[in-house]
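Reviewing the structure listed below.
There are 2 protein chains.
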Amino acid sequence: MEETETGRRFDQLLEKNNLKKTQPRLSVLKVLASRKTATSQPALEEILGAEIDRVTLYRVLRTFEEKGIIHKVIDLNGTANYATCDESCTEHAHDDRHVHFNCTHCLHVYCLDSLHIPALTMPAGFTASQMNLIVYGICEECNEKER
Amino acid sequence: MEETETGRRFDQLLEKNNLKKTQPRLSVLKVLASRKTATSQPALEEILGAEIDRVTLYRVLRTFEEKGIIHKVIDLNGTANYATCDESCTEHAHDDRHVHFNCTHCLHVYCLDSLHIPALTMPAGFTASQMNLIVYGICEECNEKER
DNA sequence: CTCATTGTTGCAACAAAGATGCATTAAGAA
DNA sequence: TTCTTAATGCATCTTTGTTGCAACAATGAG
Numbered sequence: 014m015e016e017t018e019t020g021r022r023f024d025q026l027l028e029k030n031n032l033k034k035t036q037p038r039l040s041v042l043k044v045l046a047s048r049k050t051a052t053s054q055p056a057l058e059e060i061l062g063a064e065i066d067r068v069t070l071y072r073v074l075r076t077f078e079e080k081g082i083i084h085k086v087i088d089l090n091g092t093a094n095y096a097t098c099d100e101s102c103t104e105h106a107h108d109d110r111h112v113h114f115n116c117t118h119c120l121h122v123y124c125l126d127s128l129h130i131p132a133l134t135m136p137a138g139f140t141a142s143q144m145n146l147i148v149y150g151i152c153e154e155c156n157e158k159e160r
Numbered sequence: 014m015e016e017t018e019t020g021r022r023f024d025q026l027l028e029k030n031n032l033k034k035t036q037p038r039l040s041v042l043k044v045l046a047s048r049k050t051a052t053s054q055p056a057l058e059e060i061l062g063a064e065i066d067r068v069t070l071y072r073v074l075r076t077f078e079e080k081g082i083i084h085k086v087i088d089l090n091g092t093a094n095y096a097t098c099d100e101s102c103t104e105h106a107h108d109d110r111h112v113h114f115n116c117t118h119c120l121h122v123y124c125l126d127s128l129h130i131p132a133l134t135m136p137a138g139f140t141a142s143q144m145n146l147i148v149y150g151i152c153e154e155c156n157e158k159e160r
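As you go down the protein sequences, you meet chains C and V in turn.
So the first sequence is numbered by my numbering: it starts at 14 and just counts up by one.
So the second sequence is numbered by my numbering: it starts at 14 and just counts up by one.
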């Protein structure tokens, strides 16, 4: 395997999480990192289907999510979309407080890293541990095409 | 069929939406209205399975959602949960800006009607039309049982 | 009150995605 | 290089979403 910069970054990422560097895992990381929007499981399957098995993909994604390497966003249809976490969410503190944007036109899911969910006061008795905000609407690209 | 107060309310609700009053629809309404938490499709199936067909349930729920009679909340697992809309969300303006709470212990989904999603400023180019905030944590009941 | 019409239901069937068991293979340490 | 253990690929099953179609029932017309 070549010694590219991103390649080494992925290696470190896996190592840090006690995961072996395997071809399927590196492929998944490469694909996810190369996309600015979250990628759905079917899309990933289409891209990597020839290379790695459906179940392996499923397990790689689950492992990555457990380790906090990627995060999962469920869109309106209940389909899982995956994206690499930005640097801020590391090991323990997997910070999912940023907002996701689901374009109802092109169906892409964006991570709006610039926005974070405002603090909310929970009703008495309820303890919040995590929150997930998805905004639906038209994304930048689709809005531009309209014009 | 008996002439209960809620029964008449359901009749009106269906009539208002140009839907025929049928036994499956009334059953679904009755179940949903009787529960303070959103109900998952599997749970509904378990409750009503003997009474109405799985596909019918699926179609009733879809119809109700289209008409704005109920709303759908997708939980962490991508499972659909349904709840009757409170009075505020009527025909046209289906207001989904209230917050949902998904208990990670009992898995119940609550509609936190008292909370509403704060206004957010979208990044340039993005147009928001709807938003959905799900908070994960421990609910009142489960917190009390712990003590 | 009865009939006709049109929306609804139930059944069969299929597709897609989540999930598990197990034999084989490969990564990384000794 | 060998060994141990984790990871993969394959088979398989379950659950949920979805469609087509024939039978049926809710309403309005007569």
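C-beta: ideal position from N, C-alpha, C; glycine also.
Note that this is a predicted model, so its numbers are computed, not measured.
Since residue i contacts residue j with CB under 8 Å, what's their CB separation in whole angstroms?
i	j	result
Leu89 of chain V	Asn115 of chain V	6 Å
Ile147 of chain C	His118 of chain C	In fact, because the Cβ distance is near 15 Å, the residues do not count as touching under 8 Å.
Gly138 of chain C	Glu153 of chain V	3 Å
His113 of chain C	Val122 of chain C	6 Å
Lys80 of chain V	Tyr95 of chain V	So it is not a contact: roughly 13 Å between Cβ atoms.
Leu32 of chain C	Thr97 of chain C	Not really, about 15 Å apart at Cβ, beyond 8 Å.
Can you find a C-beta in chain C that's less than 8 Å from the C-beta of residue i?
i	result
Phe114 of chain V	yes
Gly62 of chain V	no
Lys158 of chain V	no
Leu70 of chain V	no
Leu74 of chain V	no
Leu125 of chain V	yes
Is there a Cβ of chain V sitting closer than 8 Å to that of residue i, yes or no?
i	result
Ala93 of chain C	yes
Leu120 of chain C	no
Leu133 of chain C	yes
Ile83 of chain C	no
Leu26 of chain C	no
Leu128 of chain C	yes
Ile87 of chain C	yes
(request) At 3 residues or longer, and completely inside the region 50-83 of chain C: list those beta strand (DSSP E) runs for me, N to C. (result) The qualifying runs are 50-53.
(message) Closer than 8 Å is the cut-off here; do at least three beta carbon pairs connect the region 52-65 of chain C with the region 54-63 of chain V?
(response) no
(request) Give the residues from the region 34-55 of chain C that approach chain V closer than 9 Å (Cβ to any Cβ), ordered along the chain. (result) none
(request) Can you give me, in chain order, the residues of the region 135-156 of chain C that have a beta carbon less than 7 Å from any beta carbon in chain V? (result) Pro136, Gly138, Phe139, Thr140, Ala141, Ser142, Gln143, Met144, Asn145, Leu146, Ile147, Val148, Tyr149, Gly150, Ile151, Cys152, Glu153, Asn156
(message) Closer than 8 Å is the cut-off here; do at least three beta carbon pairs connect the region 71-85 of chain C with the region 37-51 of chain C?
(response) yes
(message) To test your reading of the DSSP string, which unbroken alpha helix (DSSP H) runs of 4 or more residues are found completely within the region 107-159 of chain C?
(response) 153-159
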